[in-house]
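Have a look at the structure below before the remarks.
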């Protein structure tokens with residue numbers, strides 16, 4: 040994954056509560072089990088006035104000219120609720136979204152974001168609203184979001200922070216502990232050799 044350190048982008052507001060994963064990527068848009076080919080279906084029910092013809096709805100925030108190139112979206116409460124489909128985050132990533140700032144997140148969606156290099160930031164709703172259409176700078180090492188003269192602090196746990204900063208997935212994170220795992224195994228092999236007896240034919 041691409042490491043996340045700092046990011047400057049317009050903050051595109053999709054300020055609705057309970058945005059579920061079926062709105063983010065409808066099941067009919069998931070035509071394979073892979074991580075690619077999903078961006079076109081991102082927010083399809085809202086993004087297109089005619090989904091089949093892929094006719095953009097100019098009133099939807101991601102279709103507005105000021106959203107072009109935006110890598111941050113803003114959400115309301117319980118963002119990413121509904122099913123646990125990881126495709127929702129894959130669609131965001133393929134579209135170019137690197138950060139979601141919301142009042143709160145569904146826990147599985149938040150975990151899927153972290154595992155795919157998307158930074159989920161929780162801020163009070165008034166702060167989220169104030170960021171709409173602003174050019175903001177997200178600084179993960181400092182755990183701040185800056186817009187103009189206003190700076191908002193956020194918190195993220197150490198393990199997710201490390202994963203995002205270093206671009207690690209869960210396997211990579213485990214492999215960071217490989218020397219300690221091998222040392223423990225060697226010591227255990229000495230202490231309990233019978234556990235490691237190989238089966239003979």
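Numbering (this note's numbering), first residue to last: 40 to 240. Even for Gly, the Cβ is constructed at its ideal location relative to N, Cα and C.
- Per DSSP, residue 50 is one residue of the beta strand (DSSP E) stretching across 45-53.
- The region 105-117 and the region 49-58 touch, with no fewer than 3 CB-CB distances between them shorter than 8 Å.
- Rounded to whole angstroms, the gap between the alpha carbons of residue 227 and residue 215 is 20 Å.
- Residue 205 sits in a helix when the DSSP states are folded into three classes.
- Looking only at 149, 185, 169 and 236, the smallest Cα-Cα distance to residue 196 is reached by 149.
- Under the Cβ criterion (8 Å, minimum of three pairs), the region 84-91 does not count as touching the region 149-167.
- Along the length of the region 128-193, whole alpha helix (DSSP H) runs at least 4 residues long occupy 146-154 and 164-169, reported in chain order.
- Bounds of the beta strand (DSSP E) holding residue 113 are 111-114.
- Spanning the alpha carbons of residue 76 and residue 128 requires a straight line of approximately 13 Å.
- Of all alpha-carbon atoms in 43, 55 and 47, the one lying nearest the alpha-carbon of residue 141 is that of 55.
- By the Cβ neighbour-count rule, residue 209 is exposed, with fewer than 16 other Cβ atoms within 10 Å of its own.
- For residue 177, the CB contacts under 6 Å within the same chain, skipping 5 residues up- and downstream, are 46, 138 and 184 in chain order.
- When DSSP reads this structure, residue 84 sits in no beta bridge, so it has no partner.
- Bounds of the alpha helix (DSSP H) holding residue 221 are 217-230.
- Taking C-alpha positions only, residue 223 is separated from residue 205 by approximately 25 Å.
- Residue environment: residue 202 is assigned as buried (16 or more neighbouring CB atoms within 10 Å of its CB, all protein chains considered).
- The beta carbon of residue 173 lies closer than 6 Å to those of 50 and 186 in the same chain, with the five residues before and after it left out.
- At the C-beta level, residue 62 and residue 82 come within 8 Å of one another.
- When DSSP reads this structure, residue 72 sits in no beta bridge, so it has no partner.
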